Each structure stands twice: as structure tokens, then as C-alpha cells.
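For reference, the structure discussed in these notes is given below.
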Amino acid sequence: MSIRLICSDIDGTLLQYGKKELEDEIFEQIRELHRRGILFCPASGRQYTSLRKLFAPVADCCVFLCENGGVIYKDEQCIAKNPMPRALAEEIAN
20 MSIRLICSDI DGTLLQYGKK ELEDEIFEQI RELHRRGILF CPASGRQYTS LRKLFAPVAD
80 CCVFLCENGG VIYKDEQCIA KNPMPRALAE EIAN
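Residue 104 in the numbering used here is what sits at position 85 of the sequence shown, and the numbering runs on without skipping anything.
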């Protein structure tokens, strides 16, 4: 069995607290994964636009798991949404 996808948390994992940009080494590693046919997926509570900007040098090599798993983007297209049902949100709020 071969590895086809690697997901990683961002804030506090790949992006150290207090930093605003990723290290160049991370981009090099993502490019190497891409060359090997392995897809990289940043996973974060952030919104897609924020993640795409953070990963701009390699954004076209990534699938983005955003908004705490609520949406997934690939090739600049939202390919999955998992919104909280309104009834559940109202139940939690009450």
C-alpha cells in the first residue's frame, strides 16, 4: 500500500505560533510530495482564502481542508461542504 495523501494541521504545527509565514523548507517538501504523486492537504480552522494565501507558492499542489473540516477545496473549487444543521445550531444556542 502506498501513501497517496498527507494531511497536517497548520497553526502551532507547520506554522509556529507568532509567525505569519511558512518556512521555505515546507514548500520544498510539499513540492517533493507532489513529484512523488502524494497529495498534501493543509487542515485548519481557517477559511480557504487565508489558507490559499499562506500556501501560495504551492497552492496548486494542495487540497485544502478548511473551517474545521466544514469545507474542502481542490483546484479552487469547493468539492465538499459539511454545514451544521440549523436545528442543531438552535438547540445548542438554547
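For every residue, glycine included, the Cβ atom is placed at its ideal position computed from N, Cα and C. Remember, it's a predicted structure, so these values are computed and weren't measured experimentally.
{"Query": "In the DSSP assignment, find the beta strand (DSSP E) that holds Lys72 and state where it starts and stops.", "Result": "Careful: Lys72 lies outside any beta strand (DSSP E), inside the alpha helix (DSSP H) at Tyr67 to Leu73."}
{"Query": "Determine the direct distance from the alpha carbon of His53 to that of Leu73, and round the result to whole angstroms.", "Result": "18 Å"}
{"Query": "Bridge partners of Leu24, per DSSP?", "Result": "Leu58"}
{"Query": "Express the C-alpha separation of Ser69 and Ile91 in angstroms, rounding to a whole number.", "Result": "13 Å"}
{"Query": "With a threshold of 6 Å on Cβ separation, who are the neighbours of Cys97 within its own chain once the five nearest residues in sequence on each side are excluded?", "Result": "Val90"}
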